[in-house]
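Protein chains in written order, with this note's numbering: chain A, 22 to 244; chain B, 22 to 244. Just below is one structure, and these are the notes that go with it.
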DNA sequence: CCAGTCCAAATTGTATGCAATTTGCTCAGA
DNA sequence: TCTGAGCAAATTGCATACAATTTGGACTGG
């Protein structure tokens with residue numbers, strides 16, 4: 022999310038609603054294609070329609086929902102081609118951040134990245150899927166931050182959120198945890214050694230495999 | 022702009038206001054730091070505050086304006102560091118699109134890109150600054166489109182818009198037109214020959230020079 | 001003259017009401 | 001049974017009204 026929006030501790034109702042609705046979409050309470058009724062959401066949250074409308078407009082710009090004039094809003098439902106595009110875009114953004122991170126991470130950031138990575142090795146070995154998943158988000162966020170470029174980092178994160186609804190449970194694929202961790206290893210090594218091109222390549226490889234995993238998962242579910 | 026928003030021919034008042042205000046920012050009528058008074062804008066456009074507020078929220082998400090809860094909205098005013106970040110981000114996005122374009126442009130798209138480029142050579146030679154500037158936008162847009170990835174293309178375009186207010190008149194720098202054209206030549210050659218890495222490098226080089234030109238320009242104006 | 005407090009005007013945030021469009025249902029007619 | 005016209009209910013878009021917060025300045029005390 023472009024955080025030129027209110028980040029303070031004085032959020033407006035619209036802002037709180039926007040994050041609440043976004044949460045609902047991300048955790049699956051609201052699924053792709055589902056209709057977002059203004060009056061319903063308003064009553065559900067105990068507010069009037071006005072802040073709901075503003076929140077919806079905000080979410081529409083982030084791509085999480087679709088609004089068509091006079092036809093209402095729905096949770097974004099993408100065609101397989103659009104989902105593919107989102108994954109490709111995310112891979113490119115992650116790779117770009119990794120490349121920049123390899124060039125401009127501070128020594129402290131590099132050490133912290135390595136520490137994170139090593140703690141994830143243990144989680145993967147123990148098969149702690151949920152903890153690994155959380156740590157994974159933090160790992161990637163650390164790389165975004167290491168790029169030292171707010172616009173790119175924000176966009177990378179917004180893409181990650183946006184593909185979220187389409188890749189639930191991906192980590193439950195057999196052996197995905199360990200392979201993910203091996204791929205991280207290549208990324209971390211490249212970043213730590215300042216190998217920009219290598220970091221880019223390793224990250225593209227990693228995220229592309231995640232995409233493959235998603236497609237396999239989608240295929241299973243469709244069957 | 023993430024065009025999950027209404028693109029139809031049935032735009033809502035809020036949408037029309039959003040583009041109107043955005044135009045004002047892009048063409049300099051509204052300058053960075055300027056306050057955006059809701060009541061004022063409403064009266065000025067002959068509407069109530071409600072659609073104005075929705076438009077502002079939309080623009081805030083695009084990064085063109087800043088909103089702080091209960092403090093109103095202003096045209097985004099960036100520090101030199103933030104402007105630098107925007108230029109770097111734009112360079113990375115353009116380069117990424119160029120790389121993807123080198124890999125996936127169709128023969129027709131390649132021919133059209135070359136045609137565009139050649140017509141720009143004439144404009145540069147004739148010193149037609151304004152026509153060149155328009156053609157330049159079209160040239161870069163063609164490359165975004167050639168990447169065949171809607172999210173990346175949209176983000177690249179939104180970044181281009183976002184830096185717009187900070188780089189007015191850049192092309193009037195001495196000799197900028199001809200050099201820009203030479204850099205385009207390298208980009209086009211790499212794309213046409215399918216040289217992904219080369220296209221990336223050439224585009225980064227090109228856009229970075231634009232940034233340098235901007236900084237030189239800003240330095241002159243500050244003096 | 002300056003700092004600080006307090007109040008009024010201005011401005012933003014939210015609620016409510018009404019107009020306009022869409023949606024879905026009923027019901028005639030083939 | 002199917003199709004389509006037409007009306008009623010539901011839903012969105014916009015305007016207006018009201019509440020809450022911020023802003024600017026007058027005034028007091030030092």
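Each residue gets a CB set at the ideal place from its N, CA and C atoms; glycine is no exception. On a predicted model such as this, the values are computed, not experimentally measured, just so you know.
Cβ pair residue 220 of chain A, residue 208 of chain A closer than 8 Å: yes
Enclosing beta strand (DSSP E) for residue 283 of chain B [first to last residue]: Residue coverage of chain B in this structure runs from 22 to 244, which leaves residue 283 of chain B outside it and unanswerable.
Chain B contact for residue 162 of chain A (CB, 8 Å cutoff): no
Pair within 8 Å by beta-carbon distance, residue 124 of chain A and residue 217 of chain A: yes
Per-residue DSSP class, three states only, for residue 132 of chain B: helix
Inter-stretch contact (C-beta, 8 Å, three-pair minimum) for the region 144-161 of chain A and the region 79-96 of chain A: no
C-alpha gap between residue 168 of chain A and residue 161 of chain B, whole angstroms: 25 Å
Exposure of residue 27 of chain A, with buried meaning 16 or more beta-carbon neighbours within 10 Å: Unreliable positioning characterises residue 27 of chain A in this predicted model, as indicated by a pLDDT of 44, which lies under 50. The coordinate reading is nonetheless provided below. When all chains shown are included, residue 27 of chain A counts as buried.
Residue range of the unbroken alpha helix (DSSP H) whose run includes residue 167 of chain B: 150-167
Start and end residues, alpha helix (DSSP H) containing residue 73 of chain B: 70-83
Own chain partners of residue 229 of chain B with C-beta closer than 7 Å, once the 5 adjacent residues on each side are dropped: 112
Environment of residue 214 of chain B [buried if 16+ CB atoms lie within 10 Å]: exposed
Residue span of the beta strand (DSSP E) that contains residue 91 of chain B, given as start and end: Note, residue 91 of chain B: premise wrong, no beta strand (DSSP E); not H, not E.
is_contact[residue 65 of chain B, chain A] using C-beta, thresh 8 Å: no
Nearest to residue 77 of chain A (by Cα), restricted to the options A:105, A:115, A:107, A:34: A:34
The region 124-143 of chain A contacting the region 94-109 of chain A, beta-carbon criterion three pairs below 8 Å: no
Segment limits, alpha helix (DSSP H) that includes residue 111 of chain A: 101-125
Within-8 Å CB hit, residue 79 of chain B to chain A: yes
DSSP-derived helix/strand/coil call for residue 57 of chain B: strand
Cutoff 8 Å: residue 176 of chain B Cβ touching any chain A Cβ: yes
Inter-residue Cα distance where the pair is residue 48 of chain A and residue 185 of chain A: 9 Å
Interface residues of chain B facing residue 182 of chain A [CB-CB closer than 7 Å]: Correct list: empty, because the minimum Cβ distance to chain B is about 12 Å.
Distance between beta carbons of residue 164 of chain B and residue 110 of chain B, contact taken as under 8 Å: Not a contact, Cβ separation roughly 16 Å.
Cutoff 8 Å: residue 173 of chain B Cβ touching any chain A Cβ: yes
Straight-line gap, residue 142 of chain A to residue 53 of chain A (C-alpha atoms, nearest Å): 33 Å
Residue 52 of chain B in three-state terms, based on DSSP: coil
Distance between residue 180 of chain B and residue 170 of chain A (C-alpha atoms, nearest Å): 13 Å
For residue 202 of chain A, three-class secondary structure by DSSP: helix
Heavy atom of the ligand SAH within 7 Å of residue 142 of chain A beta-carbon: This structure does not include the ligand SAH; it has no bound ligands of any sort.
Sub-8 Å separation of residue 59 of chain B and residue 73 of chain B beta-carbons: yes
Buried or exposed (CB count within 10 angstroms, at least 16 for buried), residue 146 of chain B: exposed
Collapsed DSSP secondary structure at residue 179 of chain A in the structure displayed: helix
Closer than 8 Å to chain A by CB, residue 47 of chain B: no
DSSP state of residue 229 of chain A mapped onto helix, strand, coil: helix
Chain-ordered chain A contacts of residue 170 of chain B [CB-CB under 7 Å]: 106, 109, 110
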